[in-house]
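Engineer: All residue numbers for the sequence shown refer to my numbering, where the first residue is 168 and numbers rise by one. Even for Gly, the Cβ is constructed at its ideal location relative to N, Cα and C. My questions will all concern the structure given below.
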Amino acid sequence: MRKNLGTKPFFYPLPVLIIGSYDEKGKPDLMNAAWGGLYEADKVILSLSQSHQTTENIKVKKAFTISFADKAHLVSADYVGLVSAKNEPKKVEKSGFHVVKSEFVDAPLVIDLPVALECTLIKAVSYTHLTLPTNSRV
Numbered sequence: 168m169r170k171n172l173g174t175k176p177f178f179y180p181l182p183v184l185i186i187g188s189y190d191e192k193g194k195p196d197l198m199n200a201a202w203g204g205l206y207e208a209d210k211v212i213l214s215l216s217q218s219h220q221t222t223e224n225i226k227v228k229k230a231f232t233i234s235f236a237d238k239a240h241l242v243s244a245d246y247v248g249l250v251s252a253k254n255e256p257k258k259v260e261k262s263g264f265h266v267v268k269s270e271f272v273d274a275p276l277v278i279d280l281p282v283a284l285e286c287t288l289i290k291a292v293s294y295t296h297l298t299l300p301t302n303s304r305v
């Protein structure tokens with residue numbers, strides 16, 4: 168059962184983040200990300216390599232979800248962190264996760280994980296090998 172907790176200023180303990188996004192054709196992608204956290208009370212920041220399909224998707228769609236992985240889904244969370252959607256077109260299907268379209272943003276929501284943030288991109292700051300999407304929760 169999913170429950171809306173409203174806007175809260177916490178990311179503790181440090182979670183395994185599963186980032187959901189759609190590519191330009193609407194195909195869902197999930198990525199395991201370790202570097203993310205709060206930025207002000209209603210924003211998050213992610214540190215993502217420019218080489219990830221997820222980074223490209225977020226730049227195109229301006230939306231994504233952040234789900235918090237749990238121990239029960241360790242294998243699926245590990246899979247989406249090890250396999251690239253650039254190399255495996257059926258990545259989400261093979262992961263064991265199930266997704267639906269978010270009702271708030273243009274991004275997939277992992278229904279297997281009970282806590283998620285549904286985000287819109289405010290800005291992306293690019294460095295040589297890194298993009299920092301700074302975004303707000305809807």
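In whole angstroms, what is the alpha-carbon distance linking Arg-169 and Ala-283?
Structural biologist: Rounded to whole angstroms, Arg-169 to Ala-283 spans 9 Å at the Cα level.
Engineer: Grab me the residues of Arg-304's own chain with a C-beta within less than 8 Å of its C-beta, minus the 5 sequence neighbours each way, in chain order.
Structural biologist: Model confidence at Arg-304 stands at a pLDDT of 49, short of 50, so the residue's coordinates are unreliable and nothing is read from them.
Engineer: Let's see if you can read the secondary structure: which residues bound the alpha helix (DSSP H) around Asp-245?
Structural biologist: Note, Asp-245: alpha helix (DSSP H), 241 to 249.
Engineer: So, with DSSP's three-state summary, where would you put Arg-304?
Structural biologist: Per-residue confidence for Arg-304 stands at a pLDDT of 49, beneath the threshold of 50, marking its modelled position as unreliable; no derived number is given.
Engineer: Can you give me the C-alpha to C-alpha distance between Ala-148 and Tyr-246, rounded to a whole angstrom?
Structural biologist: Residue 148 lies beyond the stretch modelled for the chain, which goes from 168 to 305, so this question has no answer here.
Engineer: Which residue's Cα is closest to the Cα of Phe-235: Glu-255, Lys-261, Trp-202, Lys-229?
Structural biologist: When only C-alpha atoms are compared, the closest one is Trp-202.
Engineer: Straight-line CA distance for Lys-228 to Leu-241?
Structural biologist: Roughly 28 Å between the two C-alpha positions.
Engineer: Taking the alpha-carbon positions, what's the Glu-255 to Lys-226 distance?
Structural biologist: C-alpha separation (whole angstroms): 21 Å.
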